[in-house]
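> This is the structure, below, for whatever I ask next.
Number of protein chains: 2
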Amino acid sequence: MRPTVHDIAATAGVSLATVDRVLNGRLGVRQKTIDRVEQAVRALGYVRDMTAANLARRRVYPLVFVLPDGPNSFMRNLEYEVRQAMTRSPHERTAIKLMTTRPLDAEAIARTLDGLDPKDVAGVALVAVDTACVVAAVDRLVSLGVPVVTLVSDLPGSRRAHFCGIDNVAAGRTAAGLMGRFARSTPGKVLVVAGSMRLSDHMGRASGFADVMAREFPHLSILGPLEGRDDALAVRRVVGAALAANSDIVGIYSLGAGNRGLVEVISARTGPRLSVVAHEVTDYSRKALAEGHFDAVINQDCGHEVRSAIRVLLARADGLDPVKAQERIRIDIFLRDNLP
Amino acid sequence: MRPTVHDIAATAGVSLATVDRVLNGRLGVRQKTIDRVEQAVRALGYVRDMTAANLARRRVYPLVFVLPDGPNSFMRNLEYEVRQAMTRSPHERTAIKLMTTRPLDAEAIARTLDGLDPKDVAGVALVAVDTACVVAAVDRLVSLGVPVVTLVSDLPGSRRAHFCGIDNVAAGRTAAGLMGRFARSTPGKVLVVAGSMRLSDHMGRASGFADVMAREFPHLSILGPLEGRDDALAVRRVVGAALAANSDIVGIYSLGAGNRGLVEVISARTGPRLSVVAHEVTDYSRKALAEGHFDAVINQDCGHEVRSAIRVLLARADGLDPVKAQERIRIDIFLRDNLP
DNA sequence: CTGTTAGCGCATTCAA
DNA sequence: TTGAATGCGCTAACAG
């Protein structure tokens, strides 16, 4: 039977209320009393039952998620996970509000953030575009006491409390490790297609990829990164043009979205098979894997990211800091055969 | 404010106790009353607060984990995760007991299982060896009302409630997908090293691997599976002999344990580089990846498996059946750059 | 068959 | 600065 507040109240010779005050660091307790309680806590090895605590204090934390709208499958998937979290809200003492802005529109994100009233927001999670105005808007919220976390794409210069996403440099390196082993051993070019260089996740991937390719697979040179604006049509256009102009392309690394456009180009193409590594499991990339157009897909688990964001925000709102090691998001690799 | 038992008691016009009886499927309630309560539940969209429920019924479920002892890193890792779960026990209303038996010793497992008193065990998780006597011991427990789950390696013919592990056929296919792409495009042999063919997980991997290799990479033929008994010394011996006898080996698929022995052989070897795919992230395989001896390691998350086993056992002990979709364990692929 | 009542471990008024 | 009392949502005796 593990000790309860009653036990420590008894051994410390004080009342429940006083124990509670000490446990929660509330003021209005004599130092002498504090010491007595803390000693009892140590002596009995007391550890608070958080579920009972949450039951008693029925406080609800209003959280805001800011995501891009538009057809991007990955982002829609992310939105789905946020909605899933909303259904769990009652259990997690959260009240989640979902807001969307135009993709890659930094000003729209900043406006949304600026429109938030710190009085009725306990925390904010956003997919950031790395721009001065977004940094300013985030820092404003933080200075007003509202914890902010970035989701999927980070905002390095800001005061955000945490980044809920993968190590994108490592993801790029991983992609290079696969590409280098997959591609023919004859010299050639690898085409790199990104969404936008204003997204810090895309930047990171491109640099990790280039790094490992140069060091470990010097017979393959990099073409790009081209910007496909995470848009299927644009991706189709830039990739089509690059393939037409370069007959020595042996592989493609698609590190952003718009994979539908990529599949259209390569499935229509004749000539030797390309090695293709892309990001994010979506209906399109799953199909491309199954049909053999993609060799591998690197993925980040949206569900984990959303749940992590909530945990971190809640912890910060309660004044604790999260166990960072626990919040690491894995870089998943999927082939056709280990798709979930 | 979401509805509580009080609300549904009020709208159904019954008492709290009756609501509780219906909610928990306890008998001694008229069908008419049951209907009234269930209707109120649906009407109000009631969903039970499990944390409050667990607080109220402070029942503790004694669970038993049966693992092999010995130096196998993966199994020690699994044991570590079980011990982690023991530290969480107070919160999860479990009391976990850890028992170990000699590796691959089916009789020892059966004896351990037979020694369990159903009165003070609410569930059992074991790493199975696929043998008639183990099946019999498991079925005995099940017939006595004790739910059993298999961990890591399944027991297909038994009455176990669930298998907490990966789809090993798919894991073998995944390994083949990697091996086929990694290995030189010239014809050659791929050596397959297993632990024991009495382990259903090893069987599954070998068959999935052979399947995809034959269909997709016919220029590579399979040598083996050799049995390394999950033992570093034995692995070193059989692999060393195979390499000496076959100059056309281009890759090795190590689907069992004993990777330390494998690394010793291939790091001492001269000649063209081999493509190596192994299983389970351990200190050894991690080092082998980092140093370039292994190209990829396929992994199953022990932590997930142990937590899943506990959830399933608890659910079964409460008479519910677990959400199988939620309990799927992923097949992780790690290269040097995405190691956790 | 059904209802009353007293907790589970903790937080939080309201008094003292 | 401290304590007594009440309730969070649910379960479980114990009566009726």
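Going down the list, the protein sequences come from chains A and B.
Counting from 1, one number per residue, gives the positions in the first sequence under the numbering used here.
Counting from 341, one number per residue, gives the positions in the second sequence under the numbering used here.
Just so it is clear, CB atoms sit at the ideal spot from N, CA and C, and this is done for glycine as well.
Shorter than 8 Å from the beta carbon of residue 514 of chain B to some beta carbon of chain A?
Along the second sequence, read from residue 1 onward, the residue named residue 514 of chain B stands at position 174. Judged by the 8 Å Cβ criterion, residue 514 of chain B is in contact with chain A.
> State whether the segment 118-130 of chain A contacts the segment 65-82 of chain A, with contact taken as three or more CB pairs (one from each stretch) at a distance under 8 Å.
Touching, yes.
> Measure from the C-beta of residue 408 of chain B to each C-beta in chain A and report whether the shortest distance is under 8 Å.
Here residue 408 of chain B refers to the residue found at position 68 when the second sequence is read from its first residue. Not an interface residue.
> Threshold first: 3 residues or longer. Then list the beta strand (DSSP E) segments lying entirely within the segment 270-326 of chain A, N to C.
275-279, 296-299
> Per DSSP, which residues does residue 332 of chain A bridge with? Please list them.
Position 332 of the first sequence, counted from the start, is the residue given in the question as residue 332 of chain A. Its beta-bridge partners are A/299.
> Which residues, taken in chain order from the segment 173-207 of chain A, show a beta carbon closer than 9 Å to some beta carbon of chain B?
Residues of the segment 173-207 of chain A with a C-beta atom less than 9 Å from some C-beta of chain B are 173, 174, 175, 176, 177, 178, 181, 182, 184, 185, listed in chain order.
> Which residues mark the beginning and the end of the beta strand (DSSP E) in which residue 441 of chain B is found?
In the second sequence, counting from the first residue as 1, residue 441 of chain B sits at position 101. Where residue 441 of chain B is concerned, the enclosing beta strand (DSSP E) stretches over 434-441.
> Would you please verify whether the beta carbon of residue 282 of chain A is less than 8 Å from any beta carbon of chain B?
By one-based count along the first sequence, residue 282 of chain A stands at place 282. So no, residue 282 of chain A is outside the interface.
> When the Cα atoms are used, what is the spatial distance from residue 355 of chain B to residue 39 of chain A?
In the second sequence, the residue the question calls residue 355 of chain B occupies position 15. In the first sequence, the residue the question calls residue 39 of chain A occupies position 39. A direct Cα-to-Cα measurement between residue 355 of chain B and residue 39 of chain A gives close to 44 Å.
> Are residue 402 of chain B and residue 425 of chain B closer than 8 Å when you measure CB to CB?
Walking along the second sequence from the start, residue 402 of chain B turns up at place 62. Walking along the second sequence from the start, residue 425 of chain B turns up at place 85. For residue 402 of chain B and residue 425 of chain B, no; Cβs fall outside 8 Å.
> Against chain B, which members of the segment 328-339 of chain A pass a CB distance test of less than 8 Å?
328, 330, 331, 332, 333, 334, 335, 336, 337, 338
> Alpha carbon to alpha carbon, how far is residue 660 of chain B from residue 91 of chain A?
By 1-based counting over the second sequence, the position of residue 660 of chain B is 320. By 1-based counting over the first sequence, the position of residue 91 of chain A is 91. Taking the straight line from one Cα to the other gives about 20 Å.
> Rounded to whole angstroms, what's the CA-CA distance from residue 627 of chain B to residue 229 of chain A? Just pull it up for me.
Mapped onto the second sequence, residue 627 of chain B falls at position 287. Mapped onto the first sequence, residue 229 of chain A falls at position 229. Their backbone Cα atoms lie some 39 Å apart in a straight line.
> In three-state DSSP terms, what is residue 401 of chain B?
Looking up residue 401 of chain B in the second sequence gives position 61. Three-state result, residue 401 of chain B: strand.
> Using 10 angstroms around the beta-carbon of residue 595 of chain B, count the other beta-carbons present and answer buried if the total reaches 16, otherwise exposed.
Residue mapping note: residue 595 of chain B aligns to position 255 of the second sequence, counting from 1. Per the 10 Å Cβ criterion, buried.
> Starting from the beta carbon of residue 660 of chain B, find every residue of chain A whose beta carbon is closer than 7 Å, and list them in chain order.
For the purposes of this step, residue 660 of chain B is taken as the residue at position 320 of the second sequence. Residues of chain A passing the Cβ test: none, with the nearest at roughly 17 Å.
> Name, in chain order, the residues that DSSP records as bridge partners for residue 534 of chain B.
Within the second sequence, the letter at position 194 stands for residue 534 of chain B. Residue 534 of chain B pairs with B/567.
> Beta-carbon of residue 394 of chain B versus every beta-carbon of chain A: anything under 8 Å?
Residue mapping note: residue 394 of chain B aligns to position 54 of the second sequence, counting from 1. Cβ-Cβ to chain A under 8 Å: yes for residue 394 of chain B.
> Comparing C-alpha positions only, which one of B/575, B/581, B/438 sits nearest to residue 603 of chain B?
By one-based count along the second sequence, residue 603 of chain B stands at place 263. Considering only alpha carbons, the answer is B/575.
> Based on Cα-Cα distance, which residue from B/621, B/662, B/632 lies nearest to residue 705 of chain B?
Because residue 705 of chain B is not part of the residues shown, which for chain B are 341 to 680, the question remains open.
> Using a Cβ cut-off of 7 Å, pull out every chain A residue sitting near residue 342 of chain B, in sequence order please.
Position 2 of the second sequence, counting from 1, holds the residue named residue 342 of chain B. Going along chain A in sequence order, the residues near residue 342 of chain B (Cβ under 7 Å) are 90.
> With distance defined between alpha-carbon atoms, name the residue in B/593, B/375, B/429, B/555 nearest to residue 542 of chain B.
Within the second sequence, the letter at position 202 stands for residue 542 of chain B. Selected option, being the one with the closest Cα: B/593.
> My parser needs the beta strand (DSSP E) runs of 3 or more residues fully inside the segment 446-534 of chain B; what are they?
463-466, 488-491, 502-504, 528-534
> List, in chain order, every chain A residue whose beta-carbon is nearer than 7 Å to that of residue 510 of chain B.
Locating residue 510 of chain B in the second sequence gives position 170, counting from the first residue. Simply 337, 338.
> Is residue 94 of chain A close to chain B? Criterion is C-beta to C-beta, closer than 8 Å.
Taking the first residue of the first sequence as 1, we reach residue 94 of chain A at position 94. No, no contact with chain B.
> Cβ atoms of residue 169 of chain A and residue 145 of chain A: under 8 Å apart, would you say?
As a working note, residue 145 of chain A is residue 145 in the first sequence. As a working note, residue 169 of chain A is residue 169 in the first sequence. Result no, Cβ atoms of residue 145 of chain A and residue 169 of chain A do not sit closer than 8 Å.
> Can you look up residue 251 of chain A in the DSSP assignment and give me helix, strand or coil?
Working through the first sequence from its first residue, we reach residue 251 of chain A at position 251. Correct three-state label for residue 251 of chain A: strand.
> Evaluate residue 375 of chain B with the Cβ neighbour count: other Cβ atoms within 10 Å of its Cβ, from every protein chain shown; 16 or more gives buried, anything less gives exposed.
Looking up residue 375 of chain B in the second sequence gives position 35. So residue 375 of chain B counts as exposed.
> Would you identify the three-state DSSP class for residue 561 of chain B, choosing helix, strand or coil?
Along the second sequence, read from residue 1 onward, the residue named residue 561 of chain B stands at position 221. Secondary structure of residue 561 of chain B (DSSP, three-state): strand.
> Any C-beta of chain A within less than 7 Å: which residues of the segment 628-659 of chain B qualify?
The residues in question are 635.
> Who pairs with residue 603 of chain B in a beta bridge, going by DSSP?
Taking the first residue of the second sequence as 1, we reach residue 603 of chain B at position 263. Paired residues: none, contrary to the question.
> How would you label residue 336 of chain A, buried or exposed, when you count the other beta carbons within 10 angstroms and need 16 or more for buried?
Residue mapping note: residue 336 of chain A aligns to position 336 of the first sequence, counting from 1. With 16 or more other Cβ atoms within 10 Å, it is buried.
> Can you find a CB in chain A that lies within less than 8 Å of the CB of residue 427 of chain B?
Against the second sequence, residue 427 of chain B aligns to sequence position 87. Chain A contact via Cβ: absent.
> What are the boundary residues of the alpha helix (DSSP H) that includes residue 394 of chain B?
For the purposes of this step, residue 394 of chain B is taken as the residue at position 54 of the second sequence. Run containing residue 394 of chain B: 390-396, per the alpha helix (DSSP H) assignment.
> What is the rounded straight-line gap between the Cα of residue 395 of chain B and the Cα of residue 5 of chain A?
As a working mapping, residue 395 of chain B is identified with position 55 in the second sequence. As a working mapping, residue 5 of chain A is identified with position 5 in the first sequence. Looking at the two C-alpha atoms, the distance is approximately 15 Å.
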